[in-house]
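Everything on this sheet refers to the single structure shown next.
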Amino acid sequence: ALLFLTSCQEIRGPVWSPDGKRLAFTIYTANPESIFNTNLYTLEADDENGEPDLVAKAAAFPCWGTDSQTIYYLGDRDTQGFYTKAFKRKTSAAPQALLSNLRATNLQMTADATLGLLCTGQSARPGSPVTIELWNLENNKLTSLRQLGEIYSPALMFNGKVIAYAQKRTDELPLLCICKLDGSNPEAVFPTETEKEPNATTYVIHAFPDNDR
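Quick note, the sequence shown lines up with residues 1 to 213 if you use the working numbering.
Following this line, the structure appears as structure tokens:
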């Protein structure tokens, strides 16, 4: 249905609201003057007309609040493809910019919407290395985890306990690592002595929404 509604434009990052009644997603459209356009929409699951509602242009990476009415997202995308602000928007209300002066390439949040993970990179191209910061939404403060260096595909566990990420090392197999939220005690968990993927250049990591896997 979404492909029909968007004329087969590319859809990324569809996420259900906690109550299962709404879906948020980003439509990516090729643009010869820039990398691509990104517009953020929501859709009522039971809407027979199936008309998506535009949340914001030049925006992406929606994350729902626990009330299923609030959406957090990155917006104000610049000509290089970076998102310069993090927004909060409640249904039918004006968006509120919570963070500014960013060069963000991704946003993830915990299930309780109290903690976010912001990615920043030298390039906005997907798959590029990033450095990360933790965003405490209760006091709107950022904590840098640059001590981890440049990493790939970071994933914040939905329970807010662990960060997983991939890291490349010269002349060695890439590593899949986990660490605590403060960036301490990073531990390589793959490859192991018995489990390897010799042809891998890096890893794409996803967190299970319902537990710590």
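For each residue, glycine too, the CB sits at the ideal point set by N, CA and C.
Since this is a predicted model, take the numbers as computed values, not measurements.
- Item | Contact between the stretch 165-181 and the stretch 200-207 (3+ Cβ pairs under 8 angstroms) | yes
- Message: For Leu98 and Asn31, which I take to be in contact (beta-carbon distance under 8 angstroms), what is that distance rounded to the nearest angstrom?
- Response: Numbered from its first residue, the sequence shown carries residue 98 at position 98. Numbered from its first residue, the sequence shown carries residue 31 at position 31. Actually they do not touch by this definition, with Cβ atoms about 27 angstroms apart.
- Short check: CB of Gly116 to CB of Leu107, under 9 angstroms? Indexing the sequence shown from 1 puts residue 116 at position 116. Indexing the sequence shown from 1 puts residue 107 at position 107. Yes, the Cβ-Cβ distance between Gly116 and Leu107 is below 9 angstroms.
- Item | Within 9 angstroms, strictly: CB atoms of Leu40 and Thr26 | The sequence position of residue 40 within the sequence shown is 40, counting from 1. The sequence position of residue 26 within the sequence shown is 26, counting from 1. Cβ distance < 9 angstroms, so Leu40 and Thr26 count as in contact.
- Message: Can you tell me whether Phe208 is buried or exposed? The criterion is at least 16 other CB atoms within 10 Å of its CB, across all chains shown.
- Response: Sequence index remark: in the sequence shown, residue 208 carries index 208 (1-based). Here Phe208 is exposed. Its C-beta has fewer than 16 other C-beta atoms within 10 Å.
- Message: So, at 6 angstroms on beta carbons, what are the nonlocal neighbours of Ala59 in its own chain, with the 5 sequence-adjacent residues on each side left out?
- Response: The residue given as residue 59 occupies position 59 in the sequence shown. Leu40, Tyr73, Gly75.
- Item | Check whether Leu173 and Pro154 have beta carbons under 9 angstroms apart | Residue mapping note: residue 173 aligns to position 173 of the sequence shown, counting from 1. Residue mapping note: residue 154 aligns to position 154 of the sequence shown, counting from 1. No, these two residues do not count as a Cβ contact at 9 angstroms.
- Query: Where do the N-terminal and C-terminal ends of the beta strand (DSSP E) with Thr70 fall, by residue?
  - Reply: Taking the sequence shown and counting its residues from 1, the one referred to as residue 70 is at position 70. Unbroken beta strand (DSSP E) run through Thr70: 70-77.
- Is the CB-CB distance between Ile151 and Val162 below 9 angstroms? The residue you call residue 151 lines up with position 151 of the sequence shown. The residue you call residue 162 lines up with position 162 of the sequence shown. The answer is no: Cβ separation not under 9 angstroms.
- Query: Is DSSP giving Glu197 helix, strand or coil here?
  - Reply: Along the sequence shown, read from residue 1 onward, the residue named residue 197 stands at position 197. In the displayed model, Glu197 falls within coil according to three-state DSSP, outside both helix and strand.
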